[in-house]
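Here's the structure, in structure tokens; my notes come after.
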Amino acid sequence: MLVQFYNVSKIYSNGVKALEDISLKIDAGEFVFLMGPSGAGKSTVIKMLYREENPSRGQIFVASRSLVRMKKRDIPILRRSIGVVFQDFKLLESKTVYENVAFAMEVIGANQRDKKSRVLEVIKLVGLQGKENSFPHELSGGELQRVGIARALTNRPLLLIADEPTGNLDMNTAQEIMELLFDINRKGTTVIMATHALELVKAAHKRVISLDKGKLASDLAPGELK
């Protein structure tokens, strides 16, 4: 079991109840969609997975480690095992594709030889060979998201979290990004993807966890979403 939420609730200091008594389990190797309208609690779940937020009540485990009891000094170690892909890419405009991807490895102090071979490996994996020296302003939306995915994969994460990764893309490009995420999942990485894109989700035939007003609304097995 890679991810476990036990009776997790989150109430913010202003009284907003973001999550209420959420329990769920995600196995290693799964591909799971996280759905729900704006304000349903998806972002809170995602932030809790990489310890940007802590629950008000309940327990969260990732790879059998309690995130609630985790010491601050151990949070960077957790985050090395989790890759995050953002809707708005969050790339460094002054850095090339190669430098943006390499930056994720520099943060954890990887040595130069390991860094270069791994960066080139993930750039090839996401289909951006030949774009290593391009800057973000020279790339299409789909290419920008591929850079974001490459950066998230550099440290060989156990878990890839994709937060609305197709939200700013046209349908054809979105489908290409989905195929890339499926391929990454087939290679063994667990993927949790938050999305509003119902058509993409229906076509994927994967597990779908839906939230509504901070509560678990449904948890559908692959192919159950109609």
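So the sequence shown is numbered by this note's numbering: it starts at 134 and just counts up by one. Idealized CB from N, CA, C, for every residue including glycine.
Here the C-alpha atom of K339 lies approximately 29 Å from the C-alpha atom of K150. Rounded to whole angstroms, the gap between the alpha carbons of M203 and Y231 is 33 Å. Comparing C-alpha distances from L225 to each of S197, V259, L277, L182 shows the shortest one belongs to L277.
Looking at the DSSP output, G216 shares a beta bridge with L293. Per the C-alpha coordinates, the member of A161, M168, G148 positioned closest to L353 is M168. Apart from the 5 residues on each side of it in sequence, K248 sits with its Cβ closer than 8 Å to the Cβ of A235, M238, E239 in its chain, given in chain order.
Taking every protein chain shown into account, the CB of E186 has 16 or more other CB atoms within 10 angstroms, so this residue is buried. Spatial neighbours of V334 in its own chain (CB-CB distance under 7 Å, excluding positions within 5 residues in sequence) are listed in chain order as F166, M168, T328, V341, L358. 9 Å or more divides the Cβ of T323 from the Cβ of M311. Spanning the alpha carbons of D207 and A196 requires a straight line of approximately 14 Å.
When DSSP states are grouped into helix, strand and coil, G347 belongs to the coil group. Apart from sequence neighbours up to five positions away, the residues of its chain that approach L302 with a beta-carbon distance below 8 Å are G274, G275, Q278, I310, ordered along the chain. Across the structure, D221 and E254 are spaced so that their CA atoms are roughly 24 Å apart. Contact between L200 and R190 does not hold, since the beta-carbon distance rounds to 14 Å and is not under 8 Å. Remark: C-beta atoms of I256 and A285 do not approach each other more closely than 9 Å.
In the DSSP annotation of this structure, the continuous segment of the alpha helix (DSSP H) that includes L313 starts and ends at 304-319. If you draw a straight line from the Cα of I210 to the Cα of A350, it comes to about 32 Å. Within the same chain, and ignoring the five residues on either side of F194 in sequence, the residues whose Cβ sits closer than 6 Å to its Cβ are Q137.
Take the alpha-carbon of Y139 and the one of V178: they are about 12 Å apart. Residue ranges of uninterrupted alpha helix (DSSP H) with 4 or more members, entirely inside the segment 204-291 and ordered along the chain, are 208-213, 230-240, 245-258, 274-286. Nearest to E163 by alpha-carbon distance, out of M304, S214, N305, I317, is I317.
No Cβ-Cβ contact shorter than 9 Å links P170 with V141. K346 places its beta carbon 9 Å or farther from that of I155. A direct Cα-Cα distance of roughly 31 Å separates L258 from L157.
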